[in-house]
């Protein structure tokens with residue numbers, strides 16, 4: 001019988017290309033990975049790898065087996081789901097990937113909620129943006145992932161992943177109270193009202209940076225970007241210090257220093273959906289189902305009451 005753990009190493013070698021990358025992924029030494037792959041070749045009595053100097057490549061048989069491994073793992077997930085078809089108290093480890101700005105408003109209270117309602121579950125949280133989180137899901141290194149998707153960007157769900165929308169997190173303008181657009185009453189800000197300002201944005205290669213740039217271009221201008229960074233807290237600190245506007249998700253603007261105001265952005269398409277991703281067919285596993293139920297209860301408080309979809 002083939003060892004599933006060795007099959008996973010072969011699958012990961014096909015995906016990542018080097019033994020070193022696979023070793024880093026599994027937190028073992030490259031020599032340990034190489035040894036397990038050699039044992040897999042012995043088990044299969046088939047040459048799965050071609051070694052040229054320090055390089056290693058999958059043979060045609062190795063590539064086929066790596067592809068078949070995905071179907072094997074899917075079948076194992078389905079078998080586990082069948083075992084859990086009868087009601088049972090969720091217990092054991094539960095691994096969750098979470099994007100950075102949801103760690104405080106979602107992941108932290110989720111840990112407390114599960115501790116109160118399902119004390120047998122042991123939640124393990126890994127910080128990860130949506131793209132690497134999807135890879136962790138498919139590699140079966142996490143069971144669920146809290147992710148987001150900007151509504152004005154095309155961002156398909158990866159094959160083998162189910163994504164459930166929990167709510168909507170609108171983007172808002174954070175302004176110093178002496179900025180001309182920081183008028184009283186909290187009325188929405190048109191992006192073009194900020195066209196004459198210099199801006200603070202996320203880098204253009206990030207989802208937030210791309211979404212904001214697209215929205216500005218749709219409003220008829222290209223923002224004059226002065227500062228870029230990926231940390232929303234740092235963006236807010238820069239706004240407080242230099243008075244430049246920043247447009248970012250509402251979830252990231254809950255705790256503002258004195259002298260700053262939040263204004264809605266008039267463009268309703270400038271938002272991100274908050275989602276939870278799982279491997280296809282895993283939603284009925286008791287630990288996963290318990291986590292889904294708990295996180296659904298938290299999202300309205302985190303996103304200002306946005307309805308579930």
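Numbering (UniProt numbering), first residue to last: 1 to 309.
We put the beta carbon where it would ideally sit given N, CA and C, even for glycine.
What does the Cβ neighbour count give for residue i, buried or exposed, with the cut at 16 atoms within 10 Å?
i: residue 235; result: buried
i: residue 272; result: buried
i: residue 267; result: buried
i: residue 35; result: exposed
i: residue 263; result: buried
i: residue 223; result: buried
i: residue 301; result: Note on residue 301: pLDDT 46, under 50, position unreliable in the model; the coordinate value appears next. Exposed: under 16 other Cβ atoms inside 10 Å.
i: residue 13; result: buried
i: residue 131; result: exposed
i: residue 306; result: A caution first: residue 306 carries a pLDDT of 37, below 50, which makes its placement in the model unreliable, though a value can still be read off. The residue is buried, with at least 16 neighbouring Cβ atoms inside 10 Å.
i: residue 110; result: buried
Could you have a look at residue i and say whether DSSP puts it in helix, strand or coil?
i: residue 13; result: helix
i: residue 151; result: coil
i: residue 134; result: helix
i: residue 310; result: One cannot answer for residue 310 here, as it falls past the ends of the chain, which runs 1 to 309.
i: residue 260; result: strand
i: residue 265; result: strand
i: residue 20; result: helix
Is the beta carbon of residue i less than 8 angstroms from the beta carbon of residue j?
i: residue 288; j: residue 144; result: yes
i: residue 106; j: residue 291; result: no
i: residue 25; j: residue 69; result: no
i: residue 147; j: residue 136; result: no
i: residue 161; j: residue 245; result: no
i: residue 239; j: residue 183; result: no
i: residue 296; j: residue 166; result: yes
i: residue 213; j: residue 219; result: no
i: residue 41; j: residue 49; result: yes
i: residue 211; j: residue 256; result: no
Out of the options, point me to the one whose CA is closest to residue i's CA.
i: residue 197; options: 227, 204, 170; result: 227
i: residue 55; options: 19, 61, 73, 48; result: 19
i: residue 282; options: 5, 112, 2, 164; result: 164
i: residue 233; options: 275, 123, 103, 286; result: 103
i: residue 63; options: 211, 231, 46, 97; result: 46
i: residue 122; options: 142, 153, 187, 181; result: 142
Runs of alpha helix (DSSP H) wholly within the segment 24 to 94 (minimum 4 residues, chain order): If you keep only unbroken alpha helix (DSSP H) runs of at least 4 residues inside the segment 24 to 94, you get 30 to 44, 60 to 83.
Please list the segments of the beta strand (DSSP E) lying wholly inside the segment 160 to 233, counting only runs of 3 or more residues, in order along the chain. Here the runs fully enclosed are 161 to 176, 198 to 201, 224 to 228.
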